[in-house]
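Here my numbering is used: the first residue of the sequence shown is 6, the next is one more, and so on.
Positions of the beta carbon are idealized from the N, C-alpha and C atoms, including for glycine.
The structure presented is a predicted model; accordingly, all values stated were derived computationally and were not measured.
Note sheet for the following structure.
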Amino acid sequence: MRIRHKPLSEMDAQEYLNFLRQQYTELSNTLRNDQSLTREEMDSISKRMANLSDQMDRHENANDY
6 MRIRHKPLSE MDAQEYLNFL RQQYTELSNT LRNDQSLTRE EMDSISKRMA NLSDQMDRHE
66 NANDY
């Protein structure tokens, strides 16, 4: 079950960081648990995870968490 989030524009800095972490965790769990993924799907998920990781790093650095 997906948690419904408020719009990104209404999130404060910590809520946004938590949102990014949740997205990363969901993708990580999919990679770990879904044995039916194709190589292309795994590559796509890995790229998305890398992008989320970069966003989290930038966000943490910008907000000095």
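- Ranked by Cα distance from A55, the first of L42, T30, N38, Q40 is T30.
- In this structure, L36 sits near M47, with a CB-CB distance shorter than 8 Å.
- For R53 against L32, the beta-carbon gap comes to about 6 Å, under 8 Å, which counts as contact.
- For E20, the uninterrupted alpha helix (DSSP H) run begins and ends at 18-38, by DSSP.
- A check of alpha carbon separations from M61 across K11, P12, S14, E20 identifies E20 as the nearest.
- Closest in alpha carbon position to A67, among N34, S14, A18, I50, is A18.
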